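Take this note's numbering: the final residue in the sequence shown is number 465, and no numbers are missing along the way. We treat Cβ as the ideally placed atom computed from N, Cα and C, and that holds for glycine. Since the model is a prediction, treat every value here as computed from it, not as a measurement.
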Amino acid sequence: AEAVTATLSGDVQRAAEHAVDSEPKAAMLVAMQPSSGDVLAVAQNEPADAQGPIALTGQYPPGSTFKIATAAAALESGNVRIDPPVQCPATKRFDGRVVPNDHEFDLGTVPLRKAFAESCNTSFAQLAVDQPPRALTDAAKRLGVGVDFDMPGAITITGKVPPANSTVQRAENGFGQGTVLTSPFGMALASATVANGGMPVPKLVKGERTQANATPQPLSPSTLQQLRPMMRAVVT
Numbered sequence: 230a231e232a233v234t235a236t237l238s239g240d241v242q243r244a245a246e247h248a249v250d251s252e253p254k255a256a257m258l259v260a261m262q263p264s265s266g267d268v269l270a271v272a273q274n275e276p277a278d279a280q281g282p283i284a285l286t287g288q289y290p291p292g293s294t295f296k297i298a299t300a301a302a303a304l305e306s307g308n309v310r311i312d313p314p315v316q317c318p319a320t321k322r323f324d325g326r327v328v329p330n331d332h333e334f335d336l337g338t339v340p341l342r343k344a345f346a347e348s349c350n351t352s353f354a355q356l357a358v359d360q361p362p363r364a365l366t367d368a369a370k371r372l373g374v375g376v377d378f379d380m381p382g383a384i385t386i387t388g389k390v391p392p393a394n395s396t397v398q399r400a401e402n403g404f405g406q407g408t409v410l411t412s413p414f415g416m417a418l419a420s421a422t423v424a425n426g427g428m429p430v431p432k433l434v435k436g437e438r439t440q441a442n443a444t445p446q447p448l449s450p451s452t453l454q455q456l457r458p459m460m461r462a463v464v465t
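What follows is the structure, given as structure tokens:
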């Protein structure tokens, strides 16, 4: 067979393998270059390998990483911005379902930027409840989650975000629980989409073209300008 060249970076791949190998439980890492969609690393430790190629296809509740999509939906609505205050109580009840923050921390009233940085479940459950049933579905799709790819070199599944018709389901989906499922690959793509300004088409083999079943509309410049510093605030 003719030789092929992968997009993987030797340095990034080795760093990714080193990062996951020290974890006792199944751990995966996917790195993607936002500007090109090139997959730079796909790493799994031994417990993950025993379950198959789950870095690219495994379906898991994304937890608070999904607040990227919830924030995007809220910002796109025009009713929420990065600095005006939101409530972040320790717990909040939605039709009988009590949503807690981690260890029930209470930030009181803080800017949305702070609620995002501190990962306030109650704030983002409320943001999701205030949106229409398809809002998170559509926002996730614009980030690439829910798009199917025929990518030469590997099989991938980004995830699925069903519309949430009930208050409880919207609340749970708002912080990445409920019915939301994504893969590490899908969330790497979502992060790359925010950085790039539109969904990059992922590639693993140079010279080969990936087919996508959809070309999502990019998030608005206003949303991107607010979402990027919010994501940076998580790191800092």
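For residue i, report the span of its beta strand (DSSP E) as first-last.
i, result
"residue 320", "320-323"
"residue 390", "Residue 390 -> no beta strand (DSSP E), and no H or E assigned at all."
Identify every residue that forms a DSSP beta bridge with residue i.
i, result
"residue 378", "441"
"residue 433", "The partner list for residue 433 (beta bridge, DSSP) is empty, contrary to what the question assumes."
"residue 338", "316"
"residue 328", "321"
"residue 278", "None, per the DSSP bridge assignment."
"residue 357", "According to DSSP, residue 357 bridges with nothing at all."
"residue 258", "272"
"residue 411", "289, 388"
"residue 235", "434"
List the endpoints of the continuous alpha helix (DSSP H) containing residue i.
i, result
"residue 239", "239-250"
"residue 364", "364-371"
"residue 462", "450-464"
"residue 273", "Element bounds for residue 273: not the alpha helix (DSSP H) but the beta strand (DSSP E), 268-273."
"residue 402", "396-403"
"residue 207", "There is no way to answer for residue 207, as the model of the chain reaches only from 230 to 465."
Can you tell me whether residue i is buried or exposed, with buried defined as 16 or more other CB within 10 angstroms of its CB?
i, result
"residue 267", "buried"
"residue 367", "buried"
"residue 283", "buried"
"residue 275", "exposed"
"residue 300", "buried"
Nearest to residue i by CA position, among the options, is which residue?
i, options, result
"residue 360", "394, 430, 322", "394"
"residue 313", "455, 248, 464", "455"
"residue 311", "232, 398, 342", "342"
"residue 237", "398, 431, 323", "431"
"residue 326", "281, 246, 400", "400"
"residue 333", "261, 352, 288, 324", "352"
"residue 460", "344, 317, 320", "344"
"residue 296", "450, 449, 419", "419"
Could you tell me if the beta carbon of residue i falls within a distance shorter than 6 Å of some heavy atom in the ligand FAD?
i, result
"residue 363", "This structure lacks the ligand FAD; in fact it carries no ligand of any kind."
Below 7 Å between beta carbons: does that hold for residue i and residue j?
i, j, result
"residue 270", "residue 241", "yes"
"residue 329", "residue 363", "no"
"residue 378", "residue 293", "no"
"residue 263", "residue 425", "yes"
"residue 259", "residue 417", "yes"
"residue 372", "residue 390", "no"
"residue 304", "residue 452", "yes"
"residue 433", "residue 382", "yes"
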